[in-house]
Amino acid sequence: MVSEIEQLCNPPMAHVFMISFPGQGHINPLLRLGKRLASKGLLVTFSTTATLGQVMRSANDAISDEPVPVGDGFIRFEFMEDGLPERDPRREDLDQYLPHLDSVGRQRVPEMLARQAREGRPVCCLINNPFIPWVSDVAEELGLPSAMLWVQSCASFLAYYYYLHSLVPYPDESSPYIDVNIPSMPLLKWDEIPSFLHPTTPYGVLRRAILGQFKNLSKPFCILADTPR
Numbered sequence: 001m002v003s004e005i006e007q008l009c010n011p012p013m014a015h016v017f018m019i020s021f022p023g024q025g026h027i028n029p030l031l032r033l034g035k036r037l038a039s040k041g042l043l044v045t046f047s048t049t050a051t052l053g054q055v056m057r058s059a060n061d062a063i064s065d066e067p068v069p070v071g072d073g074f075i076r077f078e079f080m081e082d083g084l085p086e087r088d089p090r091r092e093d094l095d096q097y098l099p100h101l102d103s104v105g106r107q108r109v110p111e112m113l114a115r116q117a118r119e120g121r122p123v124c125c126l127i128n129n130p131f132i133p134w135v136s137d138v139a140e141e142l143g144l145p146s147a148m149l150w151v152q153s154c155a156s157f158l159a160y161y162y163y164l165h166s167l168v169p170y171p172d173e174s175s176p177y178i179d180v181n182i183p184s185m186p187l188l189k190w191d192e193i194p195s196f197l198h199p200t201t202p203y204g205v206l207r208r209a210i211l212g213q214f215k216n217l218s219k220p221f222c223i224l225a226d227t228p229r
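Following UniProt numbering, the numbering of the sequence shown begins with 1 at its first residue and continues without gaps.
Structure representation (structure tokens):
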């Protein structure tokens with residue numbers, strides 16, 4: 001992964017810009033990857049929304065917009081304003097917040113990357129995690145390579161892929177309790193598939209967001225998986 005990024009970038013130091021969905025279960029795996037890449041000699045900028053950035057700063061005084069040494073490279077943090085007032089209830093309503101973040105992110109991220117170039121730190125690769133598939137669109141529009149970090153199991157990745165492409169039957173409103181038979185996997189009962197894929201899920205907006213990323217799988221140059229091995 002590091003050598004591939006370095007081949008895409010010009011010396012002296014490849015600059016990778018990471019953008020995370022504002023949720024702890026997404027931030028932590030992407031941040032671990034960022035530190036790993038930095039330790040191998042890259043400059044990594046980690047970004048999420050400014051609201052989550054405040055939480056991160058309050059928990060760790062070392063978080064800075066200035067590059068901090070990590071192994072042979074550096075990591076820095078730059079947070080994105082989402083354009084909502086403090087304590088705005090729309091942040092708690094994903095049906096409203098995800099489309100808003102999509103709209104704002106498509107504008108703010110190019111501005112942030114342009115500023116990096118002006119300051120002598122041009123970005124050569126974007127990496128995002130699920131729920132913000134628009135990052136792949138931004139990268140493509142700017143002519144930048146991108147990668148996506150999948151933060152769930154490889155089995156769940158396969159389940160989403162088969163669901164999106166209708167490769168096997170899944171529970172639906174007319175047959176909510178059928179088993180799912182995905183090749184190379186054990187037979188899945190209706191309550192063993194990813195919960196977002198079940199017709200009774202109250203989080204249809206998250207299902208649409210994840211499937212939006214799968215529809216964009218042709219855009220990243222690689223898909224990374226966060227596994228215990």
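Where a beta carbon is used, it is the ideal one built from N, C-alpha and C, also for glycine. Nothing here was measured: the structure is a model prediction, and the numbers come from that model.
Minimum Cα-Cα distance from GLN152 among the listed residues ASP93, PRO194, ARG91 corresponds to PRO194. With a cutoff of 9 angstroms on beta-carbon distance, LEU149 and LEU30 are scored as near each other.
Comparing alpha-carbon positions, the option among VAL168, ILE27, LEU42, LYS189 lying closest to ILE178 turns out to be LYS189. For ASN128, the secondary structure class from DSSP, reduced to helix, strand or coil, is strand. Inclusion of CYS124 and HIS15 in the CB contact set at 9 angstroms is warranted, their separation being smaller than that value. Beta-bridge partners assigned by DSSP to ARG115: none are found. Beta bridge pairing from DSSP links LEU224 with LEU149. Shown here, HIS165 sits in coil according to DSSP, grouped into three states, outside any helix or strand. Around the beta-carbon of ALA139, 16 or more other beta-carbon atoms lie within 10 Å, marking it buried. Per DSSP, VAL123 lies in no alpha helix (DSSP H) segment and is marked neither H nor E. Straight-line measurement puts the Cα of LYS215 at about 30 angstroms from the Cα of ALA38. ARG90 is a Cβ neighbour of LEU84, given a cutoff of 9 angstroms.
The way I'd put it, the stretch 160-179 does touch the stretch 202-220; three or more beta-carbon pairs between them come closer than 8 angstroms. Taking the C-beta atoms as reference points, MET112 is found nearer than 9 angstroms to PHE17. At a Cβ-Cβ threshold of 9 angstroms, ASP172 and LEU33 do not count as neighbours. Rounded to the nearest angstrom, the Cβ distance from LEU94 to LEU206 is 7 angstroms, consistent with a contact under 8 angstroms. DSSP, reduced to helix, strand and coil, places LEU84 outside both helices and strands of the structure shown, so it counts as coil.
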